[in-house]
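First comes the structure, then the notes that go with it.
Numbering (my numbering), first residue to last: 1150 to 1234.
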């Protein structure tokens, strides 16, 4: 089923807020060098993104199912032509 780009956008927003908040908290309370920040935040960002993408995609498809969208309503999606074509 189609989830398009919404799961990726949601993952970017969630991971961005979590990692940025954690980074700012660590930066305010400790004195880590640049390489230590890179060693912490880059892998954490990648791991959180990979871990959250599948559950969020499942949630988006579940919402589509609940609202009878994109093929779940018993009817095929109608592709409307562009008005200028």
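C-beta atoms are modelled at their ideal positions from N, C-alpha and C, and glycine is treated no differently.
What you are looking at is a predicted structure, and each value in this text was computed from that prediction instead of being measured.
Can you grab the Cα-Cα spacing for the pair residue i / residue j, in whole Å?
{"i": "residue 1189", "j": "residue 1179", "result": "13 Å"}
{"i": "residue 1232", "j": "residue 1177", "result": "54 Å"}
{"i": "residue 1207", "j": "residue 1230", "result": "30 Å"}
{"i": "residue 1165", "j": "residue 1202", "result": "13 Å"}
Give the range of the alpha helix (DSSP H) segment to which residue i is assigned.
{"i": "residue 1186", "result": "1183 to 1215"}
{"i": "residue 1177", "result": "1155 to 1178"}
Shortest alpha-carbon distance to residue i belongs to which of the options?
{"i": "residue 1169", "options": "1212, 1209, 1203, 1186", "result": "1186"}
{"i": "residue 1196", "options": "1175, 1173, 1161, 1221", "result": "1161"}
{"i": "residue 1158", "options": "1151, 1230, 1205, 1228", "result": "1205"}
{"i": "residue 1163", "options": "1193, 1210, 1230", "result": "1193"}
{"i": "residue 1167", "options": "1182, 1216, 1198, 1156", "result": "1198"}
Can you name, in chain order, every residue of its own chain whose Cβ lies under 7 Å from the Cβ of residue i, other than the five neighbours on each side?
{"i": "residue 1184", "result": "none"}
{"i": "residue 1214", "result": "1221"}
Between residue i and the rest of its own chain, which residues show a CB-CB distance below 8 Å, the 5 nearest in sequence each way excluded?
{"i": "residue 1172", "result": "1186, 1190"}
{"i": "residue 1181", "result": "1175, 1189"}
{"i": "residue 1155", "result": "1209"}
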